[in-house]
Amino acid sequence: MQVKTIFSGFGGQGVLMMGYSFAHGAMSEGYQVTYLPSYGAEVRGGTANCTVSVGDEEIASPIASEPDYVVVMNTPSLYSFQNRMAAGGSLFLNSSIIEARPSRKDIEVYEIPCTEIAEKLDNPRSANIVMMGAFIRKTGIVKPEVYLKSLATVMGGKKQSLVEANSRAFAAGYDLLKH
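Counting the sequence shown from 1 gives a position; the numbering used here is that position plus 640.
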């Protein structure tokens, strides 16, 4: 099994954190993992994306020419990555701020209003974690409890209140998509 995912959006949306925490969780599950970040020179507000490859055997290349999953947090990312996806892949779209929809009919699209949900939780910066809840629910690659533990580790053991807020955001996204 080898699965490649691209997480993309503006710098400051937590896109690199999404990929890094997912990679950490997959490693905790015993998978082979590569993490390849990419971002513009301006960082916050510029473009950012990362590719995470997860497999049960050694991964030859971290590049994802035809990713199985793409997570887009903004409109430019939708236009940049929708045509790179493998047929039958899944696209996770931040429907709170992306008005456009993919032109492809051979992919599964999950519209997640993650920015809106994060604002309702009084934690607008957690839109990325809401999205990760939906992503983890649908992909099943990493167990939810493993991902949350990895997220806390990657964030450097921040305040307990932040861990709890992120757990609520994750649960909101996770509960949004039932199997």
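We treat Cβ as the ideally placed atom computed from N, Cα and C, and that holds for glycine.
- Counting only residues of its own chain and dropping the five nearest sequence neighbours on each side, Gln-642 has a CB closer than 6 Å to the CB of Gly-695.
- Judged by DSSP secondary structure, Ala-758 falls within the alpha helix (DSSP H) whose first and last residues are 754 to 760.
- Separation of Gly-670 and Val-782 (C-alpha to C-alpha, rounded to the nearest whole angstrom) is 10 Å.
- Going by DSSP, Val-710 is part of the beta strand (DSSP E) stretching over 709 to 712.
- CA-to-CA, the gap between Lys-760 and Ala-700 works out to about 42 Å.
- The residue from Pro-764, Pro-702, Ala-704, Ala-774 with its alpha-carbon nearest to that of Leu-733 is Ala-774.
- In summary, Gln-800 is exposed, with fewer than 16 beta-carbon neighbours lying within 10 Å of its beta-carbon over all protein chains present.
- Residue nearest to Gly-729 within the set Phe-662, Glu-739, Arg-744, Ser-736 is Arg-744 (criterion: CA-CA distance).
- The C-beta distance from Arg-724 to Pro-707 rounds to 7 Å, short enough to fall under 8 Å.
- In this structure, the CA atom of Glu-748 is about 18 Å from the CA atom of Asn-714.
- Here DSSP, grouped into helix, strand and coil, assigns Gln-800 to helix.
- Scanning Gly-813, Asn-806, Met-795 for the CA closest to the CA of Lys-778 turns up Gly-813.
- Spatial neighbours of Met-667 in its own chain (CB-CB distance under 7 Å, excluding positions within 5 residues in sequence) are listed in chain order as Val-673.
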